[in-house]
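Reviewing the structure listed below.
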Amino acid sequence: MKLYEFMGKELFASYGIPTPEGRVAKNPAEAAEAAEQIGSVVIKSQVLTGKRGKAGGIAFVDNPQEAGKEAERILDMEIGGFKVEHLLIESKLQIDQEYYLAITIDNSLRCPVILASTQGGMDIEEVPEEYIVKYPIDVAIGMQPFMIREVARQLGLTGELGKQFASILGRLYRAFKDRDAELVEINPLIVSGDSFIAADAKVTIDDDALFRHKDLPRVEEKTDLEKRAGDLGLAYVELDGDIAVMANGAGMAMATLDMINYYGGSPANFLDAGGGAGVEQTAQALELLLATEPKAILINIFGGITRCDDVANAFATVKKNKEITMPVVFRLVGTNEEEGRKILDDIGIIAYKTMQETAQKAVELSKQ
Amino acid sequence: MGLVMAIFIDEKTRVMVQGITGNQGSFHARQMLAYGSNIVAGVSPGKGGREVENVPVFDTAEAAVAAQEPDASILFVPAAFAKDGALEALSAGMKVIVMITEGIPVHDAMEVIDYANRKNAVVVGPNTFGIVSSNKCKIGIMPNQIYVGGPIGVVARSGTLSYEIVANLKEAGYGTSTVVGMGGDRILGLNFINVLEEFEKDSQTELIVMVGEIGGTAEEEAAEYIKNNVSKPVIAYLAGKSAPPGKRMGHAGAIIERGKGTFDGKVKALEAVGVKVAELPFQVPEMAKEILR
């Protein structure tokens, strides 16, 4: 779960990391009021995507009237597919230098890693390798002061600024660890006069750990359908096509989409019904697919823990209660396959044996 | 890392099942026994003294070790408690632990894997279907009937997709030596390289099949490794060619972010080192036929 910048800054501030004075505004009046109190401000659109500046989602203003006008303009924007609903109004800072500082997880090393650079302010992907300090944190001992000293040394930070940097990095790691973050990023970490200040905040919390962070705000990035599926415990992603897909297992679902594309069709979604979905869950997944009104539905089940007869029964139940107007193509193999086929047979549906026959048929039907 | 015999597990492996009295635990204990796995103990806190399918149940891993000397464990433990269960198993001396559970917090996974490394133990998963050495030992949740012995070693990120490919191979007349499920999460105990290294050494394995997917850099790193270290032929199938960037396709690891982990990049890296890449799963047996002829 990504946090909005203002939430990330609140989190940082609660760990004692210096952040600019700021307020959240949801309309031009609130923006003007914030500018009235703060003075010269920067208005920052709050969206879960980068490149806000380039898109025109950031404005510098000197008085409340201008703040109101700019706020109105930005609140009307859509940036990278996200509607702007919040603005962060912050005091304009004198920027003397821009650093980059982040802690994230290195999948290959299987440990947290500190990333730091003297070349802050731009996307870290665009910073040449030789300007990036990368320091893996040994999981067994966690962040230790000597690591911070080493990172500071490599950045050339000494004296008062070095001390401030050490304090910020230590606190950033505490936030990262306490909050089960996958990423905490300050870009840029600016030097303003003789102080470091976190001018931006990017925080991603591990979705799987949200259960132990009930106090954190929840940020919804999903579409309504994706949210409905999520509530049912299903992995669902909306796509642009017209063949609705249900498969068991994420890899199998992905392979099914690939096969539909291969045969010239276009999938409407990714839906992983889970490795061991029972009748009830499968029926709910089917209802969800029907609600998207696709041209055809493809169900691809390789029964392992998932039982073919459970899936067939779920389909039969849904079909009894609801008129299904679009063609449904089944592929059913594995655990309790014969029982499943018989159930489908009784309601006039033939299940294929192979993925390729199934995908070809679904593509053909979607074009009629 | 790793054991000398077969790859990771064999007929001598003594298996412990953590969470054996639960629904999933007891069902899969039964399935594993039916496959011929040597399950010697179960662990369920507060349920010591019972039996499940004639397997004695203990309150703690230490008690199980004292009485039954297991050396591998499979965990059917809810995500919130999986770290504790895994650390318990490792502390008790298990050399292989199989973490079936999906949705384990990534910080927990890092701790478990770090501890395992220091204990010289192997973590399979998390979010895996397990590992099976054909006709010797199955520690996992996969369907028994498709794992017949043969010359092909399979390593996969995804469960059902690997079943699909193993079943297709069986249909074509090819059995598998060992099938390893690395798992679908972003932090995993085993990567492709760890498994390729074992298959290269394993005398039963003549051909290696990698089942990967978009996201991360595991396939690219595998390609780099294959170049200098793997002499056996390798076939790869990768899922997610049609996945849009920025969307997590079910698995925590399966997401294209900042242009990294794309399908095309992975195919290019693998083909450059001589790996045959199948476009669709059913092409894997056709390629195997060409190679093993």
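These protein sequence lines map, in sequence, to chains Z and C.
Just so we're aligned, residue 6 is where the first sequence starts under our numbering, counting upward by one.
Just so we're aligned, residue 13 is where the second sequence starts under our numbering, counting upward by one.
The beta-carbon is built from N, C-alpha and C at its ideal position, and this holds for glycine as well.
Keep in mind that this is a model prediction, so the values were computed, not measured.
Quick one: list the residues of chain Z neighbouring residue i, beta-carbon separation under 8 Å, in chain order.
i: F294/C; result: T359, M360, Q361
i: L181/C; result: The contacting residues do not exist; L181/C stays about 14 Å from chain Z at best.
i: L173/C; result: G254, G256, M257, M259, A260
i: A130/C; result: Correcting the residue identity first, residue 130/C is Arg in this sequence and not Ala. Residues of chain Z passing the Cβ test: A145.
i: T229/C; result: N112, S113
i: E176/C; result: M257, A260, F307, M360
When DSSP labels each residue in this structure, what does residue i get in the three-state scheme?
i: S96/Z; result: strand
i: V132/Z; result: coil
i: Y357/Z; result: strand
i: N156/C; result: helix
i: N274/Z; result: strand
i: M148/Z; result: coil
i: N386/Z; result: With chain Z represented from 6 up to 373, any question about residue 386/Z goes unanswered, as that position is not in the structure.
i: E231/C; result: helix
i: H119/C; result: helix
i: R42/C; result: helix
i: R336/Z; result: strand
i: A140/Z; result: The displayed chain sequence assigns Tyr, not Ala, to residue 140/Z. Strand, per DSSP.
i: A92/C; result: helix
i: N32/Z; result: coil
i: S200/Z; result: strand
i: A184/C; result: coil
i: S19/Z; result: helix
i: N144/C; result: The amino acid occupying residue 144/C in the given sequence is Val; Asn does not appear at that position. DSSP places V144/C in strand when its eight states are reduced to three.
i: V279/C; result: helix
i: V16/C; result: Unreliable placement is indicated for V16/C, whose pLDDT of 39 sits below 50; the coordinate value is still reported in the next sentence. The answer is coil: DSSP assigns V16/C none of H, G, I, E or B.
i: I238/C; result: helix
In the DSSP output, what is residue i paired with across the bridge?
i: S243/C; result: None, per the DSSP bridge assignment.
i: K288/C; result: I247/C
i: D111/Z; result: C116/Z
i: M28/C; result: A53/C, S85/C
i: P68/C; result: E63/C
i: S50/Z; result: L92/Z
i: M111/C; result: L87/C
i: Q102/Z; result: V196/Z
Applying a beta-carbon distance threshold of less than 9 Å, which residues of chain C neighbour residue i?
i: I110/Z; result: V118, H119, M122, R198, I199
i: E285/Z; result: None at all; the shortest Cβ gap to chain C is about 15 Å.
i: E130/Z; result: R270, G271, K272
i: L8/Z; result: Near L8/Z there are no residues of chain C at all, since even the closest Cβ is about 16 Å away, more than 9 Å.
i: G235/Z; result: Result: empty, since nearest Cβ-Cβ is about 11 Å, beyond 9 Å.
i: Y267/Z; result: K253, S254, E291, L292
i: V242/Z; result: A255, P256, K259, R260, M261, G262
i: T228/Z; result: Going along chain C, no residue has its Cβ under 9 Å from T228/Z, so there is no contact; the nearest lies around 11 Å.
List the whole-angstrom C-beta distance separating residue i from residue j, where the pair is believed to meet the contact cut-off of C-beta under 8 Å.
i: Q51/Z; j: L98/Z; result: Not quite, the Cβ-Cβ distance comes to about 18 Å (not below 8 Å), so this is no contact.
i: G152/C; j: V89/C; result: With a Cβ gap of about 15 Å, G152/C and V89/C do not count as contacting.
i: G224/C; j: E218/C; result: With a Cβ gap of about 20 Å, G224/C and E218/C do not count as contacting.
i: G167/C; j: F204/C; result: Residue 167/C is actually Val in this sequence, not Gly. V167/C to F204/C, Cβ: 6 Å. Contact.
i: I153/Z; j: L174/Z; result: 5 Å
i: E187/Z; j: T109/Z; result: 7 Å
Less than 6 Å between C-beta atoms, sequence neighbours within five positions excluded: which residues of the same chain meet that for residue i?
i: G273/C; result: I226, G227, G228
i: K148/C; result: D22, E23
Please list, in chain order, all residues of the same chain as residue i whose beta carbon is under 7 Å from its beta carbon, the five residues on each side excluded.
i: M264/Z; result: M360, Q361, A364
i: M331/Z; result: P299, K300, A301, I302
i: M13/C; result: Its pLDDT being 40, under 50, M13/C is placed unreliably in this model, and the value from its coordinates should be taken loosely. The answer, listed in chain order, is V134, N206.
i: A36/Z; result: A30, I48, A72, G73, A76, L92, I94
i: V16/C; result: For V16/C, the predicted structure reports a pLDDT of 39, less than 50, and the residue's modelled location is therefore unreliable. The matter cannot be settled from this model.
i: K327/Z; result: L295
i: G201/C; result: I125, A128, V134, V135, V136, G137
i: K278/C; result: G224, E231, E232, L250
Which chain C residues are close to residue i, counting only those with a beta carbon under 7 Å from its beta carbon?
i: I310/Z; result: I153
i: F216/Z; result: A92
i: E187/Z; result: V118
i: M264/Z; result: L292
For residue i, collect the residues of the same chain with a Cβ closer than 8 Å to its Cβ; drop the 5 residues on either side in sequence, then sort them by chain order.
i: A64/Z; result: V47, I48, E75, R78, I79
i: T33/C; result: G54, S56, K59, R62, V64, V69
i: G187/C; result: S146, Y159, V160, G161, G162, P163, I164, L181
i: G115/C; result: A91, N139
i: M122/C; result: I199
i: M259/Z; result: F275
i: A321/Z; result: I348, L349, D351, I352
i: I354/Z; result: F320, V333, F335
List the residues of chain C whose Cβ lies closer than 8 Å to the Cβ of residue i, in chain order.
i: C116/Z; result: M122, D126
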